[in-house]
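Heads up, the thing below is written out as structure tokens.
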Amino acid sequence: MVLFIGAILVVFFIPKEESIRFLYVTNGSSYDQAAYQNFEQSMLVNVKIDRKSITDLNAHRLHGYDAVYLDPSLHQSNVLQQVEQALQRYVRDGGNLFLENSLVTDFSLEFLGASSLKDLSLGDKNPPLTYPDIDENLRGIQNMIHLFSDNFFTHVGMKELPGFQWGKGIVPSSAHSLVSVGDTSLFSMNRFGKGTVICASAFMPNRYFITGFDLRSGLDLEEGIGVKLKQFEKADVGSGLDYFDFKHSLSQEPYFNFAFAAANHQLRNEYLSFVSKEKLGYSIKKVLGPNGRPAIAYQNHFEAMSAIKDREGIQWAELLKRYNQIPSFSLIRSTFEWYQWKESMTAYLNVGSDKQPQFVGELPNSFYGSGTHLISDGDLLSLASDPQSEELAKPIELPYRAYPAFVDLEHVGKEDLISGSADGYLYDFQNVGPQPSDQTVPLGLTSPDAFSAPQKILLSNGQPLKLNGFSTVTTFDLNGDGLPDLVLGSQDGTVWYSLNQGKRKFSSPVPLYASGVPIKVSSYAAPTLGEVDGNGSIDLIVGDGDGRVTMFRGTKADHFHYQAASPSFQIKSKFAAPLLKALNPGDKPSLYIGNSEGDILVYTNHGDHWEQQGSLIGSNRNIMGTNELVGGHNSVPFWYDINHDGKEDLIVGQVEYGMSDNIDNPHFKFKQQLKDFIDYAKQNKLELYPHILVHNYMSNDQEKEEINLHKKAFETLGIPWGHTGTNQHTWRINNTDPIQTFRNENEAGLWFNFGFRPSYAPQDPQWGEDYMWGFPFLLQDSTLKNPMLLFTPAPILRRTGPNSNVDIYDSFVQQDMPINYFEHVEYHFPLSNRSSRVNELLEFVTFLDDIRTKDDYNFMTEPQMARSILAALNGKVNVQRTWFSAFKDKFKDLLGKGKHLNLSLKIDAGDISQLAGPYRDALGVVIDPGEAYSGSPFETNSDIFVRKEGRLYLGLQQDTSISIGWQKDPMHVIRSNVPLQISKEKGQWTVNFNDDGMQQIKLYSPTHVDIDGKDLKVDYQPEEHTYTITHYGERTSIRIK
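Add 169 to a position in the sequence shown, counting from 1, and you land on the number used in our numbering.
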């Protein structure tokens, strides 16, 4: 008997696990990864996820689960029909079933609680949704749908989902509608027996887009996205965008939509929360941020060259200290100036032969250009700048272009480079042979020649030779004196010549003639000379601003006068820049024509006509996914063996965007200012991380090389690489393989990416509606060696006016979503020639400060945010109560003494990646009461907690308890943005902060306390009895007594 009683007592005090069991039912091996991945990455702490084929189910197995979710592939399947009755018995006996919209026709109206089903034809207008009163357990689902739908219809609208199929609606009989349009329910719950059946809308979970955490799944093509993709219009050839508008002119394929991915994930989490409230009376979710409060951080891409020069990164960090905030800098490998287009020259070194030239195209240091940049006076060769200040994906209206020709001006056996330019001058770059530079060349080839600083070509009177703008040049010995003369084109369309006078001086320009009148085309003359038809005479071919190519046949004896213009042809682009060239002796010369689009068109000579053969191509693809060689607009070709390997190379003049300079270049223009920025970051414990540049069509090897060069640049500058994260410059990742870029980054030790544009997505983060909501997730791919955490920035803030989106941020707060705010801080701080734009920064700084202060978000750096989110996603929390405690609480409830609950929460950190660092010890949760405990105040023994909207948020300590109680709150930490340890002795708290950068806690104390520590900022709010304590720099300790 003693042993029996003892055994009962042992059992009585054995922990009883508080959990829900969830089953995802598949159609054999076929199932939707997106939905299942949402449940795998559930935010609920006490849910056990299982997946089984429907063929493995029977009534007994079903009854082992609290909730069942049917995969959409089961629609109209024979196997579903075979288990339909078992599913109905399962629900009648207390089970919970979730049906996506496509499955509602597979069950009886009685089971659904419907009098009838309706085909919904709501068109492309925003439906007038209503949200009927429902019970407390369903409130989380309804609120989430309400928030997202209001945000979506206000800021995006159904016009962005053309062809969307609304599916079926329910006319309720016994069902309770959560979301309605008129008398039709879009989302309903029916209590069938002791259990529930939820019928979802086609709007949510949404299958119009890819929404899976593998970046591939979740899409149903029958939902209508094909209509949206057909609206895509590629830029026309000749628009100036054919090779540059990667934002709008790339071919469209189905793509991952962050907003609906976040909504789907949240909806499915709210369903699990509903089931938990139905069974246990409450739900407990992990919070994406440290110590039980959501995280908020900046994402600052630091890339503009002048911002380094002007120390804007340091100014931004100091500005944020005034608001108790902290920046997050991702640093580019090669800096540049925004919206700056400069005339430049590129060499495409020949990796083939003269007979069959072959090229690579883009190289590691091409950046916005292509090929190998030519070097002048130790820097990238450049001439005039276009004052238009256009972004990359905009056409260039005027023919800014370096216009190259190689020529031995003094007949000394050494060819120099001369060039025309938009300013009308001619420039002479003297050849200084190969020189060290950071420019790369194809494997196995030698570097091209470098050149001196440009000198203006002079007339015999010592004055610079200047035309009336947009000078072009080719050379030919017109007068037979053995010296090359200049044949020139100008803005007004006139073709000129200037005779070589020796000693690098030339005669004043004089027009060439045809049929007794000066040769003049419509505009922007671009001449080339050569023997076209093998009759021994030198012919003149001239391109013009309209894209026409006109030939003037020559005579053998006179190179100054030509026959009347022959019939011309016209290319589709503007600013034709022809070059007549036969690469092999005995071949007829071909025409190589540069143009406004930037490629090099090839026309072969057929005697009486020219036939287009396409464009010159390289082995690497350009930013638009084609192989044309394009490094800028307004291309100008020239053939010359610039690395002296016996093969003619292609030299291209152009106008180029950005003209980047590597941060590890020994001759970097602002080396000291860059060092000051890096030193400031180290002194202030700011973690710099890489801002990676790839584009949608880089090969796997190209991406690996770029990331490796970025890593080497950091090593050269003494910037730790470690295990950190990244974001994408121009947001791009690989299109053809949506995982490729992340896999390569992951292999290089980069384990989070909070700023990218998914493959084929038509919009950029922050500005695009596809990113209206965002929720972090772990990329699901078996080839990854480490976790890969993905997230997106919040929409750009608009506080006032008709486009105000403050409501979106209100939704983030209500849903406890982390906020990652992207902003370029360059070009904002005042200079002698630039007024201040700091007020633009303060617009969002003060707004986010309000969220942090009023809603108790934790401000931190982006890497810290990533670590805290990783810990939350990886972490497991076991929720338990002893059988004795459960019996006692139930007994007290029966006595009518209110509600009673005593829970024990224990962290299982075994699965939390070491990449989370100290944030492995900063896991937090929120307990949300259901109908059973509505109005009952929760309390905890944790030193970190806060109550909001009836919920209790708490940071988990070693052994944390939650109970219902009415005690007054003791002194406690409301929030802490870093992991911390609290030790208590003789009425004093010692708080040790366990991370660097900025440490901040908000403390509640019902009585006045003294706070002691070094370099602290303390904000005391007596009415709230709170103290906000902030410290910058190395981790520290404070004492509270």
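All C-beta atoms, glycine included, are put in the ideal place defined by N, C-alpha and C.
Keep in mind it's a predicted model, so treat the numbers as computed, not measured.
Nonlocal neighbours in the same chain, by C-beta distance under 7 Å from residue 1025, ignoring five residues either side | Walking along the sequence shown from the start, residue 1025 turns up at place 856. 462, 1115, 1143, 1144, 1171, listed in sequence order.
Whose C-beta lies closer than 7 Å to the C-beta of residue 1021 among residues of the same chain, with five residues either side of it excluded?
-> Start at 1 with the first residue of the sequence shown, and residue 1021 comes out as number 852. For residue 1021, where only same-chain residues beyond five positions count, the Cβ hits under 7 Å are 465, 1028.
Check each candidate in 1107, 362, 586, 345 and name the one with the smallest Cα separation from residue 354.
-> For the purposes of this step, residue 354 is identified with residue 185 of the sequence shown, where counting begins at 1. Checked all of 1107, 362, 586, 345; the closest Cα to residue 354 is 345.
Going by other Cβ atoms of all chains shown within 10 Å of its Cβ, with 16 needed for buried, is residue 739 buried or exposed?
-> Taking the sequence shown and counting its residues from 1, the one referred to as residue 739 is at position 570. Exposure of residue 739 is indicated by the presence of fewer than 16 other C-beta atoms within 10 angstroms of its C-beta.
Exposed or buried, residue 581, counting other C-beta atoms within 10 Å across all chains shown (16 or more means buried)?
-> As a working note, residue 581 is residue 412 in the sequence shown. When all chains shown are included, residue 581 counts as exposed.
Tell me, to the nearest whole angstrom, how far the beta carbon of residue 154 is from that of residue 1124; I am working on the premise that it is less than 8 Å.
-> What the structure shows of the chain is the stretch from 170 to 1210, and residue 154 is not part of that stretch, so it cannot be assessed.
Would you call residue 309 buried or exposed, if buried means 16 or more other Cβ atoms sit within 10 Å of its Cβ?
-> Here residue 309 corresponds to residue number 140 of the sequence shown, with the count starting at 1. So residue 309 counts as buried.
Inspect the beta-carbon positions of residue 508 and residue 558 and report whether they are closer than 9 Å.
-> Your numbering for residue 508 matches position 339 in the sequence shown. Your numbering for residue 558 matches position 389 in the sequence shown. For residue 508 and residue 558, yes; Cβs fall inside 9 Å.
In chain order, each beta strand (DSSP E) run of at least 3 residues that lies wholly inside the segment 831 to 895 | Runs of the beta strand (DSSP E) inside the segment 831 to 895: 858 to 861.
N-terminal and C-terminal residue of the alpha helix (DSSP H) that residue 254 is part of = The residue you call residue 254 lines up with position 85 of the sequence shown. That run of the alpha helix (DSSP H) goes 247 to 261.
Consult DSSP for residue 328 and reduce its assignment to one of helix, strand or coil.
-> For this step, residue 328 is matched to residue 159 along the sequence shown. Residue state, collapsed to three classes: helix.
Where does the unbroken alpha helix (DSSP H) through residue 395 begin, and where does it stop?
-> As a first step, residue 395 is located in the sequence shown; it is residue number 226 there, counting from the start. That run of the alpha helix (DSSP H) goes 394 to 399.
In this structure, does DSSP put residue 802 in helix, strand or coil?
-> Sequence index remark: in the sequence shown, residue 802 carries index 633 (1-based). Looking at residue 802 - three-state DSSP - the assignment turns out to be strand.
Just how far apart, CA to CA, sit residue 406 and residue 412?
-> To locate residue 406, count along the sequence shown from 1; it is residue 237. To locate residue 412, count along the sequence shown from 1; it is residue 243. Cα to Cα, residue 406 sits roughly 9 Å from residue 412.
Name the DSSP bridge partner or partners of residue 594?
-> As a working mapping, residue 594 is identified with position 425 in the sequence shown. Secondary-structure assignment with DSSP links residue 594 through a beta bridge to 635.
Residue 267 bridges to which residues according to DSSP?
-> The sequence position of residue 267 within the sequence shown is 98, counting from 1. Answer is 238, 367.
May I have the straight-line CA-CA distance separating residue 178 from residue 185, to the nearest angstrom?
-> Within the sequence shown, numbered from 1, the residue matching residue 178 stands at position 9. Within the sequence shown, numbered from 1, the residue matching residue 185 stands at position 16. Its pLDDT being 49, under 50, residue 178 is placed unreliably by the model, and the measurement read from it follows with that caveat. For residue 178 and residue 185, the distance between alpha carbons rounds to 14 Å.
Beta-carbon proximity of residue 1046 to residue 446, cut-off 9 Å = What you label residue 1046 is simply residue 877 of the sequence shown in a count that begins at 1. What you label residue 446 is simply residue 277 of the sequence shown in a count that begins at 1. Going by C-beta atoms, residue 1046 is not nearer than 9 Å to residue 446.
Grab me the residues of residue 886's own chain with a C-beta within less than 7 Å of its C-beta, minus the 5 sequence neighbours each way, in chain order.
-> Residue numbering aside, residue 886 sits at position 717 when the sequence shown is read from its first letter. The answer, listed in chain order, is 832, 833, 847.
Once you ignore the five residues that flank residue 176 on each side, which residues in its own chain have a CB closer than 7 Å to its CB?
-> Against the sequence shown, residue 176 aligns to sequence position 7. For residue 176, the predicted model reports a pLDDT of 49, less than 50, meaning its position is unreliable; a value from the coordinates is still stated below. If we look at residue 176 and ignore the five residues flanking it on each side, it has no Cβ neighbours.
Assigned secondary structure, residue 164 (DSSP; H/G/I helix, E/B strand, else coil) = Since the first residue shown for the chain is 170 and the last is 1210, residue 164 is missing from the structure and cannot be characterised.
Taking DSSP as the reference, what is the three-state secondary structure of residue 538?
-> Sequence index remark: in the sequence shown, residue 538 carries index 369 (1-based). In this structure, residue 538 counts as coil in the three-state DSSP scheme.
Which residues DSSP lists as bridging residue 1154, in chain order | Locating residue 1154 in the sequence shown gives position 985, where the first residue counts as 1. Answer by DSSP bridge pairing, in chain order: 1157.
Considering residue 641, what are the terminal residues of the beta strand (DSSP E) in which it resides?
-> By one-based count along the sequence shown, residue 641 stands at place 472. 641 to 645 is the extent of the beta strand (DSSP E) around residue 641.
Around the C-beta of residue 1186, are 16 or more other C-beta atoms found within 10 angstroms, so that it is buried, or is it exposed?
-> Indexing the sequence shown from 1 puts residue 1186 at position 1017. With fewer than 16 other Cβ atoms within 10 Å, it is exposed.
Which residues bound the beta strand (DSSP E) around residue 501?
-> Counted from its first residue, the sequence shown places residue 501 at position 332. Looking at the DSSP string, the run of the beta strand (DSSP E) that includes residue 501 is 498 to 505.
Would the beta-carbon of residue 393 fall within 9 Å of that of residue 425?
-> Translated into the one-based positions of the sequence shown, residue 393 becomes position 224. Translated into the one-based positions of the sequence shown, residue 425 becomes position 256. Their beta carbons are not under 9 Å apart, which means residue 393 does not touch residue 425 by this criterion.
Determine the contact status of residue 944 and residue 435, defining contact as a CB-CB distance below 9 Å.
-> Sequence index remark: in the sequence shown, residue 944 carries index 775 (1-based). Sequence index remark: in the sequence shown, residue 435 carries index 266 (1-based). Closer than 9 Å, so yes.
Report the three-state DSSP secondary structure of residue 750 (helix, strand or coil).
-> Start at 1 with the first residue of the sequence shown, and residue 750 comes out as number 581. Note: residue 750 maps to strand in three-state DSSP.
Within-9 Å CB hit, residue 238 to chain D = In the structure shown, chain D cannot be found, because there is only a single protein chain.
Is it right to say residue 965 is buried, meaning 16 or more other beta carbons lie within 10 angstroms of its own, or is it exposed?
-> In the sequence shown, residue 965 corresponds to position 796, counting from 1. Classification for residue 965: exposed.
Does the Cβ-Cβ distance between residue 467 and residue 990 come in under 9 Å?
-> Here residue 467 is taken as the residue at index 298 of the sequence shown, counted from 1. Here residue 990 is taken as the residue at index 821 of the sequence shown, counted from 1. For residue 467 and residue 990, yes; Cβs fall inside 9 Å.
Where residue 560 sits in the DSSP three-state scheme | In the sequence shown, residue 560 corresponds to position 391, counting from 1. Judged by DSSP in its simplified three-state form, residue 560 adopts coil rather than helix or strand.
Let me know the beta strand (DSSP E) ranges lying completely inside the segment 263 to 309, each 3 residues or longer, listed in chain order.
-> You should have 265 to 268, 283 to 288.
Could you tell me the boundaries of the alpha helix (DSSP H) in which residue 982 lies?
-> As a working note, residue 982 is residue 813 in the sequence shown. From DSSP, the alpha helix (DSSP H) with residue 982 extends over 975 to 983.
Is the beta carbon of residue 305 less than 9 Å from the beta carbon of residue 1106?
-> As a position in the sequence shown, residue 305 is number 136, starting the count at 1. As a position in the sequence shown, residue 1106 is number 937, starting the count at 1. No, the Cβ-Cβ distance between residue 305 and residue 1106 is not below 9 Å.
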